[in-house]
Amino acid sequence: MKVSENLEVIQKQIADACEKAGRSPEEVKIIAVTKYVSPERAQEAIESGVIHLGENRDEGLLDKISKLKDKPVWHFIGTLQTRKVKNIIEHVTYIHSLDRLSLAKEIDKRASSKVNCLVQINASGEESKHGLEPHQVIDFVRELKQYPYIEVSGLMTMAPYTEDEQVIRDCFRTLKQLQREIQALNLEFAPCNELSMGMSNDFKIAVEEGSTMVRIGTALVGNESEVQ
Ligand SMILES: *Cc1c(COP(=O)(O)O)cnc(C)c1O
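For what it's worth, full-length UniProt numbering labels the leading residue of the sequence shown as 1, then goes sequentially.
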């Protein structure tokens, strides 16, 4: 499938979910997750009109950057090792995986201007998942005040892989509720306008629950085996 065809289907699904929820589709940014695919396929995504691209490893990010003709807005969506911060910091506009103070400290140290960070939350309680537990989030956000280059742009989560739609929905609602709590604090460094939630299998639910950034790989650009 061409990316443009997939994109059209996804945009329609987002529009439908927005209508159901009384939201405007303009509130939802589509991030094409290109980690499984070639630079050529990522370039095709850009040419189809995708502005935001996401990668989860520094090697993948730097490889794409060196080979793409255009400059998308880059999102780093994967677990970020502290020692890798210096490799990516100048290239990405958003970091979706802030989950510990040591990482905030390193981002702050390496940055030359404010960095848009999303606090990653393990809303499902699954042990395999990265991120803060919901009850830790407010204190964590308050602590970030000490790092002038950290802007808390929003929150990010990954829902569990399950057929149980209610479990997925509850994760997204947990994030929305935490966003309300953080915004009520009126912290200058934490506008927290973004909710990064929803992947290929659950983005419709995420949009119904308030997502502003859906991270879509398989359904948009495919994975390598489908592309070849
Ligand atoms: C890979 C990945 C995605 C995209 O997954 P798909 O199911 O292919 O849409 C989204 N978010 C994160 C954090 C990822 O690692």
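We treat Cβ as the ideally placed atom computed from N, Cα and C, and that holds for glycine.
Nearest-angstrom beta carbon gap, residue j and residue i [assumed within contact, 8 Å]
i, j, result
"residue 207", "residue 28", "6 Å"
"residue 192", "residue 131", "Going by Cβ atoms, the distance from residue 192 to residue 131 rounds to 15 Å, so no, they are not a contact pair."
"residue 196", "residue 80", "The Cβ separation is near 14 Å, so there is no contact."
DSSP-derived helix/strand/coil call for residue i
i, result
"residue 117", "strand"
"residue 135", "helix"
"residue 65", "helix"
"residue 60", "helix"
"residue 55", "strand"
"residue 227", "Any reading at residue 227 needs caution, since the residue's pLDDT is 46, under 50, leaving its predicted position unreliable; the model's value is listed next. In the structure shown, residue 227 sits in a helix (DSSP, three-state: H, G or I)."
"residue 106", "helix"
"residue 112", "coil"
Span separating the alpha-carbon of residue i from that of residue j
i, j, result
"residue 126", "residue 133", "10 Å"
"residue 59", "residue 77", "13 Å"
"residue 142", "residue 5", "43 Å"
"residue 148", "residue 97", "18 Å"
"residue 227", "residue 218", "Here residue 227 scores only 46 on pLDDT, less than 50, and its place in the model is too uncertain to base an answer on."
"residue 170", "residue 176", "10 Å"
"residue 91", "residue 110", "12 Å"
"residue 69", "residue 156", "29 Å"
"residue 188", "residue 41", "39 Å"
"residue 1", "residue 114", "38 Å"
"residue 48", "residue 24", "21 Å"
"residue 20", "residue 83", "43 Å"
Beta-carbon spacing of residue i, residue j below 9 Å
i, j, result
"residue 61", "residue 104", "no"
"residue 72", "residue 50", "yes"
"residue 172", "residue 209", "yes"
"residue 120", "residue 99", "yes"
"residue 180", "residue 54", "no"
"residue 204", "residue 17", "yes"
"residue 152", "residue 178", "no"
"residue 93", "residue 64", "no"
"residue 200", "residue 159", "no"
Bridge partners - residue i, DSSP secondary structure assignment
i, result
"residue 29", "213"
Cutoff 9 Å: residue i Cβ touching any chain C Cβ
i, result
"residue 19", "Any reference to chain C falls outside this structure, which holds one protein chain only."
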